[in-house]
Amino acid sequence: GFEPMERPAPGIVQRELVSQALETGLIVIDAMLALGRGQRELIIGDRETGKTAIAVDTIINQRNSEVICVYCAVGQKTSSITQVIEAVRQFGAPERCIFVVAAADDPAGLQWLSPYAACTMAEYFSKRGGDALLVIDDLTSHAVIYRQLSLLLRNPPGREAYPGDIFYIHSRLLERAARLSHERGGGSLTALPIAATEEGNISAYIPTNLISITDGQIVVEPRLFQEGQKPAVNVGKSVSRVGGKTQPPALRGLAEHLRLEYAQFLELEIFTRFGGMVDERTRRIIEHGRRIRAVLTQPQYSGLAMPHQVALLLALNEGMLDALPLEKLTGFHAVLAQWLDENDPGLLGRIKSTGALDEIARIALRKLVEGLIAKMRAAPDAIRSREA
Numbered sequence: 016g017f018e019p020m021e022r023p024a025p026g027i028v029q030r031e032l033v034s035q036a037l038e039t040g041l042i043v044i045d046a047m048l049a050l051g052r053g054q055r056e057l058i059i060g061d062r063e064t065g066k067t068a069i070a071v072d073t074i075i076n077q078r079n080s081e082v083i084c085v086y087c088a089v090g091q092k093t094s095s096i097t098q099v100i101e102a103v104r105q106f107g108a109p110e111r112c113i114f115v116v117a118a119a120d121d122p123a124g125l126q127w128l129s130p131y132a133a134c135t136m137a138e139y140f141s142k143r144g145g146d147a148l149l150v151i152d153d154l155t156s157h158a159v160i161y162r163q164l165s166l167l168l169r170n171p172p173g174r175e176a177y178p179g180d181i182f183y184i185h186s187r188l189l190e191r192a193a194r195l196s197h198e199r200g201g202g203s204l205t206a207l208p209i210a211a212t213e214e215g216n217i218s219a220y221i222p223t224n225l226i227s228i229t230d231g232q233i234v235v236e237p238r239l240f241q242e243g244q245k246p247a248v249n250v251g252k253s254v255s256r257v258g259g260k261t262q263p264p265a266l267r268g269l270a271e272h273l274r275l276e277y278a279q280f281l282e283l284e285i286f287t288r289f290g291g292m293v294d295e296r297t298r299r300i301i302e303h304g305r306r307i308r309a310v311l312t313q314p315q316y317s318g319l320a321m322p323h324q325v326a327l328l329l330a331l332n333e334g335m336l337d338a339l340p341l342e343k344l345t346g347f348h349a350v351l352a353q354w355l356d357e358n359d360p361g362l363l364g365r366i367k368s369t370g371a372l373d374e375i376a377r378i379a380l381r382k383l384v385e386g387l388i389a390k391m392r393a394a395p396d397a398i399r400s401r402e403a
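My numbering applies: residue 16 is where the sequence shown begins, and numbers increase by one.
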C-alpha cells in the first residue's frame, strides 16, 4: 500500500543510541568528526564551496556497504542534478540509490513536498531493519519555497518574512532520522541536510534553526576552497555531537590529537605569513601542519576505506611522511591504498573486521608504509596509482 509522506517522528522509547559508524570515505570527516548511522549532520556553507560534493562522495562510498541512499534535490538546476546522477552512476552503486527530484522549474508545491516524500522512501528501508542515508539538497531552497507558498496563502509573516512555523516543519522532518530500537527492527535513517549561507554567515535565521535541530554541522568555507583545500571543511567550526562514539578504536586513537595539532598550525601560519623569523619548534609545527593539510585534502570520487585511513594517519603521526616532499603527498592517498591492497589485503581485512590496531598489526602496517616510501624515494616515477 501507500505510505504517508508526513508522519510523526519515532518516540524516545522507539530509539536506540547511535552506535555504528557511517563511513564517508573522506578522511577529514571520518577521522576528525565521525558520523554515525541514525545521526543528523548539517552540511553548511556558501554556494559553490563543495557541499554537494561531500554528500555525493558519502553516497558513492556506500557502494561497499548495505546502506540504501536517497538523494533529494529541491529547487536545483537540472544540469547540477544530472551531474550528481552521472557521478553516482559512474563511481557508486546506482542500483541502491533513489533520486527524488523537484527541480527549479517544477511547481512550488512539488518542491515543498519532495523532502517529505524522500524521507518516507528512506524510512521504508529503515523500518524494515535496513540502514538508509537521506541527503536533502538543500533546505535553504525549501525554506524559500515554503515562504512563497505561505505568503500566497496570506499567512502572517514572521522574521525575514518566513512563516512562524518554519522551525517546526524542518524539525518535524529531520527528527524522523533515527537509530531504531531492536523491537522496531534495529534499522537506521541518517540525514545529511544541506544549507546555503551568504558570505559565511552561519548565524542567519535558517542556518541557526538547522544547526539547533541537527546533531552537528560540517562547515565548508570559500577561503579554504579557493586555497585548494578540498573538501573545504573548517574543522574548528565543524562538530559531530554523537558520531564520535561510533568511531573505530584504531581511527580514534590515531586521530586523537590531530584536531589540536591542526588548529595550532593554522594559528601559527597566520603569523608566519608576514615573513617573521620563527624558532625551530615553531618551524616543526608548521611543517607537520602542512603535511596534515595535504593528508586532509582529497580529490573528489576517491574515498578511502577505514584501513587505508588508519595506515595514512599512522604514517602521518610517526613522521614517515616527512621523508617525502610536500608536493608528492597530493596523490599519495591512492598510491598507498593500491600498495596496501596488493601487498597485504589480509591485514586490511583484520583491521576492518576488528576496528582495532594492535601492536602486531601496527608493526606490520608500519613496515608496509616504510617499504612504499623507500620505493618512492628511490624511483619517484616508478609507482603510480590506478587512477593516474
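In this text, a Cβ means the ideal position worked out from N, Cα and C, and glycines have one as well.
Bridge-paired residues (DSSP) for residue i
{"i": "P172", "result": "P178"}
{"i": "F114", "result": "Y86"}
{"i": "S255", "result": "G231"}
{"i": "V248", "result": "V235"}
Three-state secondary structure (DSSP) of residue i
{"i": "L337", "result": "Looking at the sequence provided, one finds Asp at residue 337 rather than Leu. Helix at D337."}
{"i": "T212", "result": "strand"}
{"i": "E402", "result": "Low local confidence applies: a pLDDT of 49 at E402 is under 50, so the model's placement there is unreliable, with the coordinate-based value given in what follows. Coil."}
{"i": "Q91", "result": "coil"}
{"i": "E284", "result": "helix"}
{"i": "Q105", "result": "helix"}
{"i": "G364", "result": "helix"}
{"i": "A394", "result": "coil"}
{"i": "M292", "result": "coil"}
{"i": "Y183", "result": "helix"}
{"i": "E374", "result": "helix"}
{"i": "L328", "result": "helix"}
{"i": "F347", "result": "helix"}
{"i": "Q279", "result": "helix"}
{"i": "H272", "result": "coil"}
{"i": "L1", "result": "For the chain, the structure presents residues 16 to 403; residue 1 sits outside this window and is missing."}
{"i": "T297", "result": "helix"}
{"i": "T97", "result": "helix"}
{"i": "A352", "result": "helix"}
{"i": "E342", "result": "helix"}
{"i": "E18", "result": "coil"}
{"i": "E357", "result": "helix"}
{"i": "G124", "result": "helix"}
{"i": "A24", "result": "coil"}
{"i": "G304", "result": "helix"}
{"i": "A309", "result": "helix"}
{"i": "L266", "result": "helix"}
{"i": "P314", "result": "coil"}
{"i": "A379", "result": "helix"}
Distance between beta carbons of residue j and residue i, contact taken as under 8 Å
{"i": "T39", "j": "D72", "result": "6 Å"}
{"i": "A88", "j": "A123", "result": "Actually they do not touch by this definition, with Cβ atoms about 15 Å apart."}
{"i": "F201", "j": "G144", "result": "The displayed chain sequence assigns Gly, not Phe, to residue 201. Indeed, because the Cβ distance is near 6 Å, the residues count as touching under 8 Å."}
{"i": "P246", "j": "A68", "result": "7 Å"}
{"i": "L148", "j": "I74", "result": "7 Å"}
{"i": "V33", "j": "V257", "result": "5 Å"}
{"i": "I301", "j": "L331", "result": "The pair is not a contact, with the Cβ atoms about 15 Å apart (cut-off 8 Å)."}
{"i": "I59", "j": "V250", "result": "Going by Cβ atoms, the distance from I59 to V250 rounds to 14 Å, so no, they are not a contact pair."}
{"i": "A192", "j": "T205", "result": "6 Å"}
{"i": "I113", "j": "V85", "result": "5 Å"}
{"i": "V43", "j": "L311", "result": "4 Å"}
{"i": "R305", "j": "L341", "result": "6 Å"}
{"i": "W354", "j": "L387", "result": "5 Å"}
{"i": "R288", "j": "A24", "result": "With a Cβ gap of about 48 Å, R288 and A24 do not count as contacting."}
{"i": "L195", "j": "S141", "result": "6 Å"}
{"i": "L424", "j": "A379", "result": "The question about residue 424 has no answer here: the residues shown for the chain are numbered 16 through 403."}
Nearest residue (CA-CA) to residue i, options the options
{"i": "P208", "options": "Q54, A102, E385 and P360", "result": "Q54"}
{"i": "H348", "options": "P340, P314, D373 and A338", "result": "P314"}
{"i": "E198", "options": "V115, L372 and E31", "result": "E31"}
{"i": "L154", "options": "P178, P222 and N170", "result": "P222"}
{"i": "G179", "options": "V293, A379 and P171", "result": "P171"}
{"i": "E4", "options": "T229, E242 and G361", "result": "In the structure as shown, the chain begins at 16 and stops at 403. Residue 4 is therefore absent and cannot be evaluated."}
{"i": "Q91", "options": "G107, Q77, V234 and W127", "result": "W127"}
{"i": "R296", "options": "L269, H272, Q279 and S203", "result": "Q279"}
{"i": "E63", "options": "A102, I285, D356 and A210", "result": "A210"}
{"i": "F106", "options": "S203, L311, N76 and E385", "result": "N76"}
{"i": "E213", "options": "T205, L164, P237 and E190", "result": "P237"}
{"i": "V82", "options": "A376, Q35 and G361", "result": "Q35"}
{"i": "A376", "options": "I160, L329 and S156", "result": "L329"}
{"i": "P19", "options": "D45, T135, F114 and N358", "result": "T135"}
{"i": "K66", "options": "E284, L387, I151 and K382", "result": "I151"}
{"i": "S227", "options": "R174, E190 and L387", "result": "E190"}
Exercise for review: At 4 residues or longer, and completely inside the stretch 126-177: list those alpha helix (DSSP H) runs for me, N to C.
Suggested key: Taken in chain order, the unbroken stretches of alpha helix (DSSP H) that lie wholly in the stretch 126-177 and span 4 residues or more are 154-167.
- Sequence ranges, alpha helix (DSSP H) only - wholly within the stretch 29-82, length at least 4: 42-47 and 66-76
Please list the segments of the alpha helix (DSSP H) lying wholly inside the stretch 188-244, counting only runs of 4 or more residues, in order along the chain.
220-228 and 237-241
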